[in-house]
């Protein structure tokens, strides 16, 4: 059970430039009753609340938090004052700080991808094929907290690829997948293979957005040249 | 920041950076009569008609393949499609596609099963156009992925040899199981449609690159490019 006192106030959040809260749950979108006490206070203070089910790839949209029973009732606050809720650490904080091997999928929320590994899988130098195929993989890190997520196998991922170069035309595409057994985003294949040699001056640049659990996480620049592929991490896109 | 223990199956995340992902709807197989399905009108806001086809694809689960106009070389700028501000429809999927191609007669469309092929109209009856060329007999035996299938297909053309490359990004090109099939008198375009279908019901492909270096990309779903500005030369209501 949680109480409003476990969380920072809406005023505090707004003062620090925070205007949205994303609620990520495994099996439902609506907040449970105890959490609704806190979220409604935030909403009344100008914080947008956006729920998200982990298995739903659609983007989160703002909800109006329903008024829970005993909202702002004195005795409800008193429960917290009696210390029924607080643990040894006390106070509000980062749920992500408890990410561990036993974590559940719902601990994924705002996260980052790091620990990049971009390796060539195949290099083709003729006579029937020319080019290369790479594999890029990323670990998922909880944010805030920074712990590597280790038990999120099967959580959905997506990639949105758009054109950057002016020397070819490309309509944006969407691809969907899921985290592998190591809770990694594995981007395979990434490559360019031709049945004739690649032009020496070839330069194709794409922008790649990667999301985990339906939540946008990071942007990469993919640069295809005659000799290989470069993946540049641009971090979250503003 | 201190930790808290929460028994809820929820994680509450404060969003201070980044933004929610923009992800389209779930993948759904297209019904067999998809071209007769009625749809609401779609609006282009300084977007090209391929963006319109992408919107249509998202609405009805239509698989889409696009042949872009190609520039002369990969070192030069690619031709840019015309953009429009217009409303097309409501109507059936076929009527919407007719409306889009009437808006920009540069392009024509054909249906192949539940897939729509959008191509430069001037090339539809061009016998020497790469994608119009026919393979007399195409035999796939335990083909594992789209790259292998593409090269096998193009390798089956009578002389002259045609260059083709496959750019792989954002989606796995491995078939669910090794694919064996036999086709007679099949065009490269039709073979590409078959390969895309083998990847999945919503898959399609794009021809891009340049005339001196053709590139095929396969995609799970097309996404419209964002509208570019408010100005637009045309308003059409069908």
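Chains as they are written, first to last, in the working numbering: chain S, 1472 to 1709; chain Z, 3 to 240.
All C-beta atoms, glycine included, are put in the ideal place defined by N, C-alpha and C.
Item checked: C-beta atoms of residue 210/Z and residue 1641/S nearer than 9 Å -> yes
Item checked: Buried/exposed call for residue 1590/S, threshold 16 Cβ in 10 Å -> exposed
Next item on the list: Classify residue 1578/S as helix, strand or coil using the three-state DSSP reduction.
Entry: Residue confidence is low: residue 1578/S scores 47 on pLDDT, short of 50, so the model does not pin down where it sits. Its coordinate-derived value is still stated next. It is helical.
Checklist line | Nearest neighbour of residue 1519/S, chosen from 1540/S, 1499/S, 1509/S, 1493/S [CA to CA] | finding: 1493/S
Notebook entry, point to check: Quick one: is residue 1554/S buried, meaning 16 or more other Cβ sit within 10 Å of its Cβ, or exposed?
Noted result: Annotation note: pLDDT 41 at residue 1554/S (below 50); position unreliable, no value reported.
Next item on the list: Spell out whether any CB of chain S is found under 9 Å from the CB atom of residue 132/Z.
Entry: no
Item checked: Where residue 1711/S meets chain Z, residues with beta-carbon distance less than 8 Å -> The displayed coordinates of chain S run from 1472 to 1709. Any statement about residue 1711/S would go beyond what the structure contains.
Notebook entry, point to check: Heavy atom of the ligand SAM less than 8 Å from the Cβ of residue 160/Z, yes or no?
Noted result: The model depicted lacks the ligand SAM and carries no ligand whatsoever.
Next item on the list: Anything in the region 167-186 of chain Z with a Cβ closer than 7 Å to a Cβ of chain S? List those residues in chain order, please.
Entry: Along the region 167-186 of chain Z, going in chain order, the ones with a CB nearer than 7 Å to a CB of chain S are 167, 168, 169, 170, 171, 172, 173, 174, 175.
Note to self: Relative to the C-alpha of residue 1691/S, which candidate in 1587/S, 1654/S, 1496/S has its C-alpha closest?
What the structure shows: 1587/S
Next item on the list: Taking a Cβ distance cut-off of 8 Å, strictly less, list which residues of the region 188-222 of chain Z are near chain S, in chain order.
Entry: 208, 210, 211, 212, 214, 215, 217, 219, 221, 222
Notebook entry, point to check: Does residue 106/Z have its Cβ less than 9 Å from a Cβ in chain S?
Noted result: no
Notebook entry, point to check: So which residues on chain S does residue 225/Z lean against when the C-beta distance must stay under 7 Å?
Noted result: 1631, 1643, 1644, 1645
Next item on the list: Identify each residue in the region 46-58 of chain Z for which the Cβ-Cβ distance to at least one residue of chain S is less than 9 Å, and report them in chain order.
Entry: Of all residues in the region 46-58 of chain Z, 50, 52, 53, 55, 56 have a Cβ within less than 9 Å of some Cβ in chain S.
Check: Can you tell me whether residue 1655/S is buried or exposed, with buried defined as 16 or more other CB within 10 angstroms of its CB?
Finding: Buried is the call here.
Margin query: Could you tell me the alpha carbon to alpha carbon distance between residue 1699/S and residue 1605/S, rounded to whole angstroms?
Written below: 9 Å
Item checked: Between the CA atoms of residue 181/Z and residue 1593/S - distance to the nearest angstrom -> Approximately 22 Å between the Cα atoms of the pair.
Note to self: So, does the region 1595-1613 of chain S touch the region 180-196 of chain Z, judging by three or more C-beta pairs under 8 Å?
What the structure shows: Contact check between the region 1595-1613 of chain S and the region 180-196 of chain Z: fewer than three CB pairs, one atom from each, fall below 8 Å, which does not count as touching.
Checklist line | Min CB distance residue 75/Z to chain A below 9 Å | finding: As a matter of chain content, chain A is missing from the structure shown, whose protein chains are S and Z.
Next item on the list: Would you mind working out which of 1679/S, 1479/S, 1498/S sits nearest residue 1514/S, comparing C-alpha positions?
Entry: In terms of CA proximity to residue 1514/S, 1479/S leads the group 1679/S, 1479/S, 1498/S.
Item checked: Chain-ordered chain S contacts of residue 80/Z [CB-CB under 7 Å] -> Chain S residues near residue 80/Z: 1637, 1638, 1639, 1640.
Check: Roughly how far, in whole angstroms, is the beta-carbon of residue 166/Z from the beta-carbon of residue 135/Z, given that I think they are within contact range, below 8 Å?
Finding: No, residue 166/Z and residue 135/Z are not in contact; Cβ-Cβ is about 11 Å, not under 8 Å.
Check: Which residues does DSSP pair with residue 1652/S in a beta bridge?
Finding: DSSP output for residue 1652/S lists no bridge partner at all.
Notebook entry, point to check: Can you tell me whether residue 1498/S is buried or exposed, with buried defined as 16 or more other CB within 10 angstroms of its CB?
Noted result: Counting every other CB atom within 10 Å of its CB across the protein chains shown gives residue 1498/S a total below 16, marking it as exposed.
Check: residue 1664/S versus chain Z: which residues are under 7 Å apart at the beta carbon?
Finding: 149, 167, 168
Checklist line | Outcome for residue 1475/S when other beta-carbon atoms lying within 10 angstroms are tallied against a minimum of 16 | finding: buried
Checklist line | Per-residue contacts from residue 1667/S into chain Z (C-beta, under 7 Å) | finding: 165
Note to self: In the DSSP assignment, the beta strand (DSSP E) including residue 157/Z goes from what residue to what residue?
What the structure shows: No beta strand (DSSP E) holds residue 157/Z; the alpha helix (DSSP H) holding it covers 148-157.
Check: Under the three-state reduction of DSSP, which class applies to residue 119/Z: helix, strand or coil?
Finding: strand
Next item on the list: Check residue 80/Z in the structure and name its three-state DSSP category.
Entry: Coil at residue 80/Z, not helix or strand.
Checklist line | Partner residues on chain S for residue 156/Z, Cβ-Cβ distance less than 9 Å | finding: 1666
Check: Looking at residue 159/Z and residue 137/Z, is the spacing between their C-beta atoms short of 9 Å?
Finding: yes
Check: Hey, quick one: how far does the beta strand (DSSP E) through residue 38/Z stretch, first residue to last?
Finding: That residue, residue 38/Z, is in no beta strand (DSSP E); it is neither H nor E in DSSP.
Check: With a cut-off of 8 Å, do at least 3 Cβ pairs link the region 54-63 of chain Z to the region 92-99 of chain Z?
Finding: yes
Check: In chain order, what residues of the same chain have a beta carbon less than 7 Å from the beta carbon of residue 132/Z, not counting five sequence neighbours either side?
Finding: 164, 190, 216
Note to self: Less than 9 Å between the C-beta atoms of residue 69/Z and residue 108/Z, yes or no?
What the structure shows: no
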